[in-house]
Each structure stands twice: as C-alpha cells, then as structure tokens.
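Residue numbers for the sequence shown, in numbering that gives the first Met the number 0: 0 to 139. I have placed the structure first, in the form of structure tokens, so that the comments after it can refer back to it.
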Amino acid sequence: MKKLYFAGSITGGRADAALYQQIMHYAASLGWTILTEHISSTELSDKGEDYTVQYIYERDMSWIDEADVIIAELTTPSLGVGYEVAKAETLGKPILRLFRPSSGRRLSAMVSGMPGIIIAEYDDVPGMQAHVAAFLKMHV
0 MKKLYFAGSI
10 TGGRADAALY
20 QQIMHYAASL
30 GWTILTEHIS
40 STELSDKGED
50 YTVQYIYERD
60 MSWIDEADVI
70 IAELTTPSLG
80 VGYEVAKAET
90 LGKPILRLFR
100 PSSGRRLSAM
110 VSGMPGIIIA
120 EYDDVPGMQA
130 HVAAFLKMHV
C-alpha cells in the first residue's frame, strides 16, 4: 500500500483541522495509508503535541523519508510545513501543494516558486478532491 505524508499547520493555527481531516479521509478512501493522521485531530491544539521537539523532528523526518508522496495544505501559514515541503523536495518526493485563494492570504514565494511542485488552488471540497485524486492517481 502506498504511503502519504500529509502536512498541515499545527502551531501556526488549527482553523483548518476539519478540512485536513476531509483531505486525509478522502486520500485513505482511495487506498492510501496516511502517516500523519494526528494532524487532523480536533483534539490537537495550536500548542502542539505532548512530545519532545527532538522526537517530533526525528519522527516526522522518518515519515517524510518513508512516504511515497507528500500533500501539503498551505492556506494556514506554518514554518514547519514549509520546512517539510523543502525537505521532501530535496528527497525528490512528489508534492501536491493545496491552497485556497479565497482565504485572502498569499503563499510564500519560497514555497510557491519551488520548481516541480504541483500547484492546486481550490475553493471547495469537490475542487480539493479533484486535485487530490488526480495527483494520487499519477503516483499509484
């Protein structure tokens, strides 16, 4: 079974946690194993997880290495998600970048300008699902 690393904001803000859950459930329904299911937990606050920073870093870097693909929802700005995307890029991982322009936010030029990253702008769940399905189908 193919493995997916989902990246979404934790300490940068949890306003999109329910959306993260929808993205991950949809990817799982397409047969993908989600390595980072905890990101969608509504129990997880912007205070982060109750682990040491060293543990979180090592675990997440291991998961990125193990993943076949990366999906990053970038609407809520997050230094950690930016770092994860950059790390995945250096490893040559396929990356889908999701962003909602209707949020009124702008993406960092460092993330949006990265070569080889699929840019997927959407404004609703069906739009997000279409991008996720197309991306995952390319990497089965």
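Ideal Cβ placement from N, Cα and C applies to all residues, glycine included. No experiment lies behind these values; they were computed from the predicted model shown.
request  = Scan the stretch 79–113 and note each continuous alpha helix (DSSP H) run of 4 residues or more that stays entirely inside, going in chain order.
outcome  = 108–111
ask   = Quick one: what's got a C-beta closer than 6 Å to E165's C-beta in the same chain, skipping five residues either side?
value = Beyond the ends of the chain as shown, which are 0 and 139, falls residue 165; an answer cannot be given.
task = Could you round the C-beta distance between I63 and A87 to whole angstroms and report it? I think they count as a contact, below 8 Å.
result = 5 Å
request  = Spatial neighbours of E48 within its chain, please: CB distance less than 8 Å, with the 5 preceding and 5 following residues excluded, ordered by chain position.
outcome  = I9, H37, I55
key: Buried versus exposed, by CB contacts within 10 Å (16 or more), V110   = buried
query = E120 bridges to which residues according to DSSP?
reply = F98
Nearest candidate by alpha-carbon position, reference A132, set K1, G12, Q21, L29 = L29
message = So T74 and S102 are supposed to be a Cβ contact under 8 Å. How far apart are they, rounded?
response = 5 Å
query = Among residues of its own chain, excluding the 5 on either side of M127, which ones have a beta-carbon nearer than 6 Å to its beta-carbon?
reply = Y121
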